[in-house]
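Numbering (the numbering used here), first residue to last: 246 to 595.
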Amino acid sequence: MKTVNVKASREYNVCIERGILKDAGEMISAVHKPCKAMLISDTNVAPLYAKTVTDSLCASGFETVSFIIEAGEESKNAVNLALIWEALAENSLTRSDIIIALGGGVVGDLSGFAAATYLRGIEYIQIPTTLLAMVDSSVGGKTAVDLKAGKNLAGAFYQPSLVICDPEALKTLSAQTFSDGMAEVIKYGFINRPELLSLLESDFDIADVIEICVEDKRDIVSLDEKDRGLRQLLNLGHTVGHGIERCSGYSITHGSAVAAGMVIITRAAIKAGICDNGVLEVLIKLLEKFSLPTSCDFTAQEICNAAFNDKKRKGNSITLVIPEKLGESGLVPYDVDKLLDFISGAWKND
Ligand SMILES: NC(=O)c1ccc[n+]([C@@H]2O[C@H](COP(=O)([O-])OP(=O)(O)OC[C@H]3O[C@@H](n4cnc5c(N)ncnc54)[C@H](O)[C@@H]3O)[C@@H](O)[C@H]2O)c1
Ligand SMILES: [Zn+2]
Numbered sequence: 246m247k248t249v250n251v252k253a254s255r256e257y258n259v260c261i262e263r264g265i266l267k268d269a270g271e272m273i274s275a276v277h278k279p280c281k282a283m284l285i286s287d288t289n290v291a292p293l294y295a296k297t298v299t300d301s302l303c304a305s306g307f308e309t310v311s312f313i314i315e316a317g318e319e320s321k322n323a324v325n326l327a328l329i330w331e332a333l334a335e336n337s338l339t340r341s342d343i344i345i346a347l348g349g350g351v352v353g354d355l356s357g358f359a360a361a362t363y364l365r366g367i368e369y370i371q372i373p374t375t376l377l378a379m380v381d382s383s384v385g386g387k388t389a390v391d392l393k394a395g396k397n398l399a400g401a402f403y404q405p406s407l408v409i410c411d412p413e414a415l416k417t418l419s420a421q422t423f424s425d426g427m428a429e430v431i432k433y434g435f436i437n438r439p440e441l442l443s444l445l446e447s448d449f450d451i452a453d454v455i456e457i458c459v460e461d462k463r464d465i466v467s468l469d470e471k472d473r474g475l476r477q478l479l480n481l482g483h484t485v486g487h488g489i490e491r492c493s494g495y496s497i498t499h500g501s502a503v504a505a506g507m508v509i510i511t512r513a514a515i516k517a518g519i520c521d522n523g524v525l526e527v528l529i530k531l532l533e534k535f536s537l538p539t540s541c542d543f544t545a546q547e548i549c550n551a552a553f554n555d556k557k558r559k560g561n562s563i564t565l566v567i568p569e570k571l572g573e574s575g576l577v578p579y580d581v582d583k584l585l586d587f588i589s590g591a592w593k594n595d
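Shown next as structure tokens:
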């Protein structure tokens with residue numbers, strides 16, 4: 246079994262191995278004595294994996310109750326959060342009981358926020374079932390719900406007690422959801438993991454890829470858990486990507502938008518003379534390998550209007566993640582007035 250140890254405000258392990266869902270009870274009992282556990286999952290994941298996990302929990306002496314949300318981002322809302330609080334209370338969960346999040350980033354973020362707030366905080370375990378959740382959202386302790394005004398606007402930093410990753414679960418993902426996760430994987434390679442880029446070009450084992458990404462997220466989060474500086478590196482391709490998502494009315498998925506966002510920011514950086522030429526070719530080749538887009542139909546003006554009025558903006562300056570060399574990105578503050586000019590570089594051919 247691959248184990249990545251995370252030392253943040255709480256210390257915990259991320260365990261990665263094929264077939265470990267059936268050992269969930271035993272693994273959880275190693276970090277928490279048997280208690281009442283609320284399993285939170287969604288309508289796609291629960292029919293596939295909830296029985297394996299609950300059977301294993303029962304065999305290890307846990308008493309389980311479950312709460313199933315409708316699959317999809319729309320469920321990551323304050324109404325469901327309140328319904329979970331009520332269900333936790335109705336089932337008499339106490340501070341020594343736990344929540345188990347079985348699903349993708351939606352289930353993980355919502356469950357984590359419920360755990361952070363119910364009785365001012367009870368422990369929770371992440372069992373991520375999408376590639377994005379395995380390599381990104383289940384690790385690092387960002388929990389949230391969406392508000393009408395935008396995504397992730399209410400939440401807490403609250404670390405899980407254990408993360409259990411079973412790559413076998415990825416077999417039932419749709420091709421689109423798998424590709425979306427690959428966009429985040431590719432992102433790590435261009436942030437600071439050149440060895441991941443060569444691995445992705447080969448016939449790789451996804452468990453190795455997950456391990457490298459989790460190690461990288463662990464390294465970044467342990468230096469900047471509360472997202473005040475370095476953690477912003479994880480936003481490579483995301484500022485432009487969010488603009489693309491918004492311009493499309495969210496019909497373009499997050500992963501696809503981040504993929505196109507990484508291409509645009511890399512092109513713009515090359516045009517501005519702050520990124521090596523060769524980076525773009527490797528990026529495009531990898532995105533194409535995993536059926537991700539390398540361009541979008543919106544103009545620089547449309548993307549900038551949509552992208553640069555979000556929460557990451559501080560006064561007149563915004564921090565962009567700029568790929569500088571192959572497998573190396575940096576944080577560069579930009580004057581908001583100069584952004585359109587900078588991003589427009591990506592559309593110029595000379
Ligand atoms: N907390 C963080 O640090 C962080 C980081 C990145 C993204 N996020 C959040 O994560 C969310 C996106 O996560 P996601 O992409 O996992 O989306 P998701 O949870 O909506 O899952 C995508 C789809 O796949 C289905 N699914 C999940 N696992 C499956 C499986 N094994 N087999 C078949 N179907 C399965 C789900 O039901 C859903 O329909 C967003 O809300 C985003 O804001 C959080
Ligand atoms: Zn992302």
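Beta carbons: idealized from backbone N, C-alpha and C, even for Gly.
Neighbourhood of residue i by C-beta, 6 Å cutoff - its chain only, sequence neighbours within 5 removed
| i | result |
| --- | --- |
| residue 348 | 286, 287, 290, 374 |
| residue 247 | 261, 456 |
| residue 596 | No statement about residue 596 is possible, as the shown extent of the chain runs from 246 to 595 and does not include it. |
| residue 371 | 346, 353, 383, 405, 408 |
| residue 255 | 404 |
Residues near residue i by beta carbon distance below 7 Å, same chain, minus five either side
| i | result |
| --- | --- |
| residue 455 | 261, 379, 380, 410, 412 |
| residue 576 | 477, 478, 564, 566 |
| residue 553 | 563, 581, 584 |
Neighbourhood of residue i by C-beta distance below 8 Å, restricted to the same chain and skipping five residues each side
| i | result |
| --- | --- |
| residue 549 | 488, 584, 585, 588 |
| residue 556 | Because residue 556 carries a pLDDT of 46, less than 50, the predicted location of this residue cannot be relied on, and the following value inherits that uncertainty. Answer for residue 556: 395, 398, listed in chain order. |
| residue 314 | 285, 286, 287, 288, 320, 325, 351, 352, 355 |
Exposed unless 16 or more other CB atoms sit within 10 angstroms - verdict on residue i
| i | result |
| --- | --- |
| residue 301 | buried |
| residue 271 | exposed |
| residue 490 | buried |
| residue 594 | exposed |
| residue 511 | buried |
| residue 342 | buried |
| residue 275 | exposed |
| residue 450 | exposed |
Any non-hydrogen atom of ligand 1 closer than 7 Å to residue i Cβ
| i | result |
| --- | --- |
| residue 293 | yes |
| residue 351 | yes |
| residue 287 | yes |
| residue 377 | yes |
| residue 342 | no |
| residue 466 | no |
| residue 533 | no |
| residue 397 | yes |
| residue 318 | yes |
| residue 290 | yes |
| residue 414 | yes |
| residue 385 | yes |
| residue 417 | yes |
| residue 482 | no |
| residue 539 | no |
| residue 493 | no |
Residues bridged to residue i (per DSSP)
| i | result |
| --- | --- |
| residue 309 | 282 |
| residue 287 | 314 |
| residue 568 | 574 |
| residue 256 | 252 |
Check: residue i C-beta below 7 Å from any heavy atom of ligand 2
| i | result |
| --- | --- |
| residue 499 | yes |
| residue 503 | yes |
| residue 277 | no |
| residue 490 | no |
| residue 429 | yes |
| residue 487 | no |
Distance cut-off 7 Å: residue i Cβ against heavy atoms of ligand 3
| i | result |
| --- | --- |
| residue 321 | Absence of ligand 3 from the depicted structure is noted, with ligand 1 and ligand 2 being the only ligands included. |
### Query
With contact counted as at least three CB pairs below 8 Å, one residue from each stretch, are the region 438–457 and the region 503–522 in contact?
no
### Query
Is the number of C-beta pairs between the region 518–525 and the region 568–581 that are closer than 8 Å three or more?
yes
### Query
Using 8 Å as the Cβ pair cut-off and three pairs as the minimum, do the region 343–358 and the region 319–331 touch?
yes
### Task
Report yes or no: do the region 468–483 and the region 293–300 share at least 3 C-beta pairs separated by less than 8 Å?
no
### Task
Take every Cβ of the region 525–542, pair it with every Cβ of the region 435–452, and state whether three or more of those distances are shorter than 8 Å.
yes
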